[in-house]
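Residue numbers (the working numbering): 2 to 348.
What follows is one structure encoded as structure tokens, with my remarks underneath.
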Ligand SMILES: [Zn+2]
Ligand SMILES: [Zn+2]
């Protein structure tokens, strides 16, 4: 076993603290890479607080992981030591179901292995995430990372990036479309960048006037303050797509009224309470309410390559791992522009 160290929550809602644990030895198909940076995702906080299904503790969070390969297994063909590498929200899947066979590993019918707070495909060995010094992953679930971009700013692409790239691609959002991005946080700011790059007219919908300047700086064409009845009147029935990145409770019916006929409301945030949607919300104008979760292996690599070609990265604030709890508190208040990334040399 490989002696490893990181930060973990010993039990639900615990303050994250230094923690020693073990990674498996590098198998024939495995890549071991030392973690240089790890993004801080809102779902890290949800899971440490045990707000979803009962979690596995101790929990070492982190699924926006980038670093440098230090060891490869005898059968590994994709990497050499010294290469940059990254891993996102998944470290394995069954590889045999219809979804896995078509590159939709995130929807693995037999249950994929999530990077932390999950189990390996033996269904019993717990997985530990990227708030740590090193990780061992099957090469299929390790992505190639371009040397061209700032490595720290690439880390959030592995969750926030693919979570917004995948639905925009699936629904072919681009030239001639009016796209609204609901919520300007970690996911939202990436949605703006991709929407603009794909040629759509991008509008940021927000409840905070303070985000207007940032929205424009990120490339958004328009900004609508949803608490202002006048600007809302102008955008009723206006959008082809709404990409809803909000993970707090909100009234989806209100936002769907901003869609034109055949408009699509795409959920990627996960609010704690179930939404109540009267049939008229979707029946009235043949509108659709849909969802999307991260992305599969081929699409994640495609997204990383697209970002390298188009010079797209996340806007980040680098933190010392000792300040992780402070960054959680700030994330809860929406006080982050737009993703915290842990500098793992501070571990
Ligand atoms: Zn995430
Ligand atoms: Zn599968």
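Heads up, the beta-carbon is just placed ideally off N, CA and C, and yes, glycines get one too.
What you are looking at is a predicted structure, and each value in this text was computed from that prediction instead of being measured.
Residue nearest to residue i in terms of C-alpha spacing, selected from the options
{"i": "residue 333", "options": "186, 283, 120, 343", "result": "186"}
{"i": "residue 313", "options": "143, 37, 192, 109", "result": "192"}
{"i": "residue 200", "options": "179, 190, 208", "result": "179"}
{"i": "residue 265", "options": "242, 246, 310", "result": "242"}
{"i": "residue 90", "options": "84, 108, 117", "result": "117"}
{"i": "residue 121", "options": "24, 272, 286, 228", "result": "24"}
{"i": "residue 128", "options": "94, 147, 261, 293", "result": "94"}
{"i": "residue 297", "options": "6, 14, 43, 141", "result": "141"}
{"i": "residue 229", "options": "307, 210, 222", "result": "210"}
Exposure label - residue i; buried when at least 16 CB within 10 Å
{"i": "residue 171", "result": "exposed"}
{"i": "residue 151", "result": "exposed"}
{"i": "residue 157", "result": "buried"}
{"i": "residue 284", "result": "exposed"}
{"i": "residue 126", "result": "exposed"}
{"i": "residue 336", "result": "exposed"}
{"i": "residue 340", "result": "buried"}
Rounded straight-line distance, which links the Cα of residue j to that of residue i
{"i": "residue 55", "j": "residue 234", "result": "43 Å"}
{"i": "residue 248", "j": "residue 82", "result": "39 Å"}
{"i": "residue 144", "j": "residue 72", "result": "15 Å"}
{"i": "residue 217", "j": "residue 197", "result": "11 Å"}
{"i": "residue 32", "j": "residue 181", "result": "39 Å"}
{"i": "residue 104", "j": "residue 304", "result": "14 Å"}
{"i": "residue 343", "j": "residue 280", "result": "44 Å"}
{"i": "residue 85", "j": "residue 77", "result": "15 Å"}
{"i": "residue 9", "j": "residue 174", "result": "39 Å"}
{"i": "residue 177", "j": "residue 261", "result": "14 Å"}
{"i": "residue 65", "j": "residue 134", "result": "13 Å"}
{"i": "residue 163", "j": "residue 204", "result": "20 Å"}
{"i": "residue 44", "j": "residue 295", "result": "12 Å"}
Start-to-end residues for the alpha helix (DSSP H) that takes in residue i
{"i": "residue 346", "result": "First-last for residue 346: undefined, no H or E at that position."}
{"i": "residue 87", "result": "Run containing residue 87: none in the alpha helix (DSSP H); it sits in the beta strand (DSSP E), 85-88."}
{"i": "residue 281", "result": "280-284"}
{"i": "residue 308", "result": "298-311"}
Boundaries of the beta strand (DSSP E) in which residue i is found, first to last residue
{"i": "residue 12", "result": "No beta strand (DSSP E) contains residue 12, which DSSP labels as neither H nor E."}
{"i": "residue 255", "result": "Here residue 255 belongs to no beta strand (DSSP E); instead the alpha helix (DSSP H) covers 253-257."}
{"i": "residue 181", "result": "179-183"}
Ligand 2 site residues, beta-carbon cut 7 Å against heavy atoms: Contact residues of ligand 2 (beta-carbon closer than 7 Å to any heavy atom; chain order) are 94, 95, 96, 97, 98, 100, 101, 106, 109, 110, 111, 113.
Pocket of ligand 1 defined by Cβ to heavy atom distance under 5 Å: Every residue with a CB closer than 5 Å to a heavy atom of ligand 1 is listed here in chain order: 42, 44, 160.
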